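K.L.:
I have a structure I would like to understand better, so I am pasting it below and will then ask my questions one at a time.
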Amino acid sequence: MTFANLRGLGLALAIAAVALLQLGVAGARAQDINVTIDNFTFTPPELNVKVGDTVTWTNHDDIPHTVVSAGKFRSKTMDTDNSFSFTFTSAGDYKYFCSLHPHMTGMIKVE
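According to my numbering, the sequence shown is numbered sequentially starting from 9.
Below you can see the structure in the form of structure tokens.
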């Protein structure tokens, strides 16, 4: 192997290392965030998240609930201890509510 080949190989390895580091940093940014449904409330009622984050709602009430953001996402009816997850791919404000109990509301602000 010549010096030029070794130098080219070193450059290729350096480029690959930088690419892997960038992938690791990008992957580290996404978070999983939990919202609890209990006593006819979403807790916390408002969240600030980043694009790429996933929010999971888990129903701990004794009765069914849903999570609906008009035109954005809609869970199936969740019985006790059932969950629904949604990954936010666009910035904006996402108001949501329980379609079975419309007084139950929440907000996700995506940056």
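Cβ atoms here follow ideal geometry from the backbone N, Cα and C, with glycine treated the same way.
Computed from a predicted structure; not experimentally measured.
In whole angstroms, what is the alpha-carbon distance linking K117 and S91?
P.N.:
If you take the alpha carbons of K117 and S91, they lie about 20 Å apart.
K.L.:
Which residue marks the beginning of the beta strand (DSSP E) containing G114, and which one marks its end?
P.N.:
First-last of the beta strand (DSSP E) with G114: H109 to V118.
K.L.:
Of the residues T51, M86 and M115, which one's Cα is nearest the Cα of K80?
P.N.:
The shortest Cα separation from K80 among T51, M86 and M115 belongs to M115.
K.L.:
To the nearest whole angstrom, what separates the beta carbons of A99 and V59, a pair I think is in contact under 8 Å?
P.N.:
About 6 Å; that satisfies the 8 Å criterion.
K.L.:
Out of curiosity, what's the CA-to-CA distance linking E119 and F94?
P.N.:
Their Cα atoms are separated by approximately 15 Å.
K.L.:
Using a Cβ cut-off of 8 Å (strictly closer), state whether D89 contacts chain C.
P.N.:
Reference to chain C is not applicable here, since this structure consists of a single protein chain.
K.L.:
Do the CB positions of D101 and T88 come within less than 8 Å of each other?
P.N.:
The answer is no: Cβ separation not under 8 Å.
K.L.:
With 16 other CB atoms within 10 Å as the buried threshold, where does Y104 fall?
P.N.:
Its Cβ being crowded by 16 or more others within 10 Å, Y104 is buried.
K.L.:
For V76, which option in D40, S107 and T66 has the closest C-alpha, if you only look at C-alpha atoms?
P.N.:
Comparing Cα positions, the closest option is S107.
K.L.:
Is T85 near P72, with beta carbons less than 8 Å apart?
P.N.:
Yes; because the gap between Cβ atoms is below 8 Å, this pair is in contact.
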